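As you go down the protein sequences, you meet chains A and B in turn. Positions 7 to 210 (my numbering) are the ones given, in order, by the first sequence. Positions 7 to 210 (my numbering) are the ones given, in order, by the second sequence. Note that CB positions come from ideal geometry on N, CA and C, so glycine has one too. Since the structure is predicted, the reported quantities are computational estimates derived from the model, not experimental observations. Here the structure comes first, spelled out in structure tokens, and everything after it is commentary.
2 protein chains.
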Amino acid sequence: MHHKADIINRAADLRSRRRMRTAETIRKAALRLVAERGLDNVTTEMIAQEAGISLRTFFNYFAFKEEALMPPPIDFAPEAVAGFINGQGSLLADIAELLLTQFDNVEEDRARLRVLFQISQTHPKLVLVRDKAFQQYEEEIGRLIAHRLGLDAQHRRPRLMAAVLAAAIKVAMTGWVMSDQGTAANHLRSSLAALADLFVEKPA
Amino acid sequence: MHHKADIINRAADLRSRRRMRTAETIRKAALRLVAERGLDNVTTEMIAQEAGISLRTFFNYFAFKEEALMPPPIDFAPEAVAGFINGQGSLLADIAELLLTQFDNVEEDRARLRVLFQISQTHPKLVLVRDKAFQQYEEEIGRLIAHRLGLDAQHRRPRLMAAVLAAAIKVAMTGWVMSDQGTAANHLRSSLAALADLFVEKPA
DNA sequence: GCAAAATTTGCATAGCACGCAATATTGATG
DNA sequence: CATCAATATTGCGTGCTATGCAAATTTTGC
Chain A
7 MHHKADIINR AADLRSRRRM RTAETIRKAA LRLVAERGLD NVTTEMIAQE
57 AGISLRTFFN YFAFKEEALM PPPIDFAPEA VAGFINGQGS LLADIAELLL
107 TQFDNVEEDR ARLRVLFQIS QTHPKLVLVR DKAFQQYEEE IGRLIAHRLG
157 LDAQHRRPRL MAAVLAAAIK VAMTGWVMSD QGTAANHLRS SLAALADLFV
207 EKPA
Chain B
7 MHHKADIINR AADLRSRRRM RTAETIRKAA LRLVAERGLD NVTTEMIAQE
57 AGISLRTFFN YFAFKEEALM PPPIDFAPEA VAGFINGQGS LLADIAELLL
107 TQFDNVEEDR ARLRVLFQIS QTHPKLVLVR DKAFQQYEEE IGRLIAHRLG
157 LDAQHRRPRL MAAVLAAAIK VAMTGWVMSD QGTAANHLRS SLAALADLFV
207 EKPA
């Protein structure tokens, strides 16, 4: 016998997992087609067919065509999140650790981002999508920092800190994807380290 | 009698001014219509008509409908730019001064941004456009900093610094537009000041 | 004025994105 | 395993977006 909450949660969980799998199938299909034929020669219809769904279903998963080329939503490992929320170190050090942990799992996104970067050279709409891909981190980080500080996410401190960290992530990821050298985590480490230097006076 | 360069420049200048005027006319028309009727009830055709141009000409100016809702490209005052490039103060202080000077002139953008913020609540595509509006600053700032440092704009220092400053601008502008209180310049002043604090250890 | 260059426009068209209603699938339950 | 409710998928219809192309119009320098 189950409690009601259990039942609902399990059902919701099953279904949401299934949705995530389908979404990822569509993303892969979109990426594959676009990588090999170019964005202009790929229609949503083709993507749907490649993913084994109907055109109409595509739009149940993505609000517009280009969204299927974005990386999937971030999911920090629950343990890592808990570690940060209850962390005893400095805010900056603890959030850095969380991000670096996450970045160990991001290696597989390189190909995806590479494609996104390349086609965004020629398609103004995709520039927007590319930038948005990085900013997913900002919201998530903002929420976490606000939570740890016991603040509302609207306060300036968490928002500013999240924005700054997202900036570092953006620079790191761009460097990583474009340079094709080193690990994502190492690029992020460098960027985070460089952050502090920006606010220290340099002797010429 | 003119030198060839003069002629070309003057022609280019006349034409580009005219283009800027027309672009601004279209932006105003788009904003007015969207503000009063909602994005869903405004077609590009309507915007074109309101602006006194043909539908086809609209797309000569903007690559896609939503782009007409973005603020116009930034133009720092040439003297302010020169002041920064040749500035003798700290990099951070000098760039702050440039930005604050610029921000004295953005008061008129509040209404525009307000509309952009509000409709982006319900239109996923416009979230992308909204974020892009802030990031125009990032590219421009990156160029300027790289130039002052005598570096290529691809280097990490100017890119990271620009990204961080853009983050501060984003937070400041968001606060300014949404709160409807204080001047844009003052919001930016606060954000820039808060930046430094992020990297200083706080006594709990 | 005249010729060259740039801009604006109309027309045609492929494809996007969404509302709606019908159908199919899934997951809990007895 | 039969059934029911909730959810997901699909087809159809439709208005709008966005682009190529070529013709018409306007601007500019001489």
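Taking a contact as a CB-CB distance under 8 Å, the pair I80 (chain A) and Y143 (chain A) counts as one, their CB atoms being some 6 Å apart. With the rule of 3 Cβ pairs closer than 8 Å, the stretch 185–200 of chain B counts as touching the stretch 109–117 of chain B. Rounded to the nearest whole angstrom, the CA to CA distance from A54 (chain A) to S197 (chain B) is 45 Å.
Spanning the alpha carbons of S96 (chain A) and R154 (chain A) requires a straight line of approximately 12 Å. For R165 (chain A), at least one C-beta of chain B is nearer than 8 Å to its own C-beta. Under the three-state reduction of DSSP output, T128 (chain B) falls in the coil class, being neither helix nor strand. Looking from the CA of P130 (chain B), the closest CA among A:Q127, A:L134, A:T128, A:G148 belongs to A:L134. In the structure shown, N111 (chain A) falls within a coil segment according to DSSP collapsed to helix, strand and coil. Across the stretch 143–154 of chain A, no CB contact with chain B closer than 8 Å is found for any residue. By the criterion of at least three beta-carbon pairs nearer than 8 Å, the stretch 50–65 of chain A is in contact with the stretch 25–37 of chain A. In the three-state reduction of the DSSP assignment, M184 (chain B) falls in the helix class, which pools H, G and I. For the C-beta of D137 (chain A), the chain B residues within less than 7 Å are, from N- to C-terminus, D137, K138, Q141. By the CB criterion at 8 Å, V121 (chain B) and A29 (chain B) fall outside the cutoff. Given a length threshold of 4 residues, each whole run of the alpha helix (DSSP H) inside the stretch 50–111 of chain A is given here in chain order: 50–57, 61–67, 84–91, 97–109. Within chain A, the C-beta atoms nearer than 8 Å to that of P130 (chain B) come from A69, F70, E73, in chain order.
S60 (chain A) and F70 (chain A) have their C-alpha atoms some 15 Å from each other. Judged by DSSP in its simplified three-state form, F140 (chain A) adopts helix. Residue environment for S126 (chain B): buried (at least 16 other C-beta atoms within 10 angstroms of its C-beta). Between K176 (chain A) and M76 (chain A), the beta carbon gap of about 14 Å keeps them out of contact (Cβ cut-off 8 Å). Within the same chain, G148, R149, A152 come within 6 Å of A159 (chain A) by CB-CB distance, once the 5 residues on both sides are set aside. Rounded to the nearest whole angstrom, the C-alpha separation of R118 (chain A) and M52 (chain A) is 19 Å. Across the structure, V87 (chain A) and L104 (chain A) are spaced so that their CA atoms are roughly 7 Å apart. Just measuring C-alpha positions, the residue of B:L171, B:M184, B:A74 sitting nearest V48 (chain B) is B:A74. Burial check for D100 (chain B): the Cβ neighbour count within 10 Å reaches 16 or more, so the residue is buried.
In the three-state reduction of the DSSP assignment, A168 (chain A) falls in the helix class, which pools H, G and I. Nearest C-alpha to L132 (chain A) among A:A178, A:R23, A:E72: A:E72.
With at least 16 other beta carbons inside 10 angstroms of its own, T180 (chain A) counts as buried. For N192 (chain B), the enclosing alpha helix (DSSP H) has its first and last residue at 190–204.
Residue environment for L20 (chain B): exposed (fewer than 16 other C-beta atoms within 10 angstroms of its C-beta). When the alpha-carbon of M26 (chain B) is set against those of B:R43, B:D115, B:P78, the nearest one is in B:P78. In the three-state reduction of the DSSP assignment, G148 (chain B) falls in the helix class, which pools H, G and I. Residues of the stretch 185–205 of chain A whose Cβ lies closer than 9 Å to any Cβ of chain B, in chain order: S196, S197, A200, L201, A202, D203, L204, F205.
Going by beta carbons, V170 (chain A) and A199 (chain B) fall outside the 8 Å limit. A distance below 7 Å between beta-carbons, with the five flanking residues on each side excluded, links A83 (chain A) to the following residues of its chain, in chain order: T107. Distance from the CA atom of T31 (chain A) to the CA atom of T63 (chain A), rounded to whole angstroms, is 13 Å. Taking 8 Å as the upper bound for CB-CB distance, A202 (chain B) and F205 (chain A) are in contact here, some 5 Å apart.
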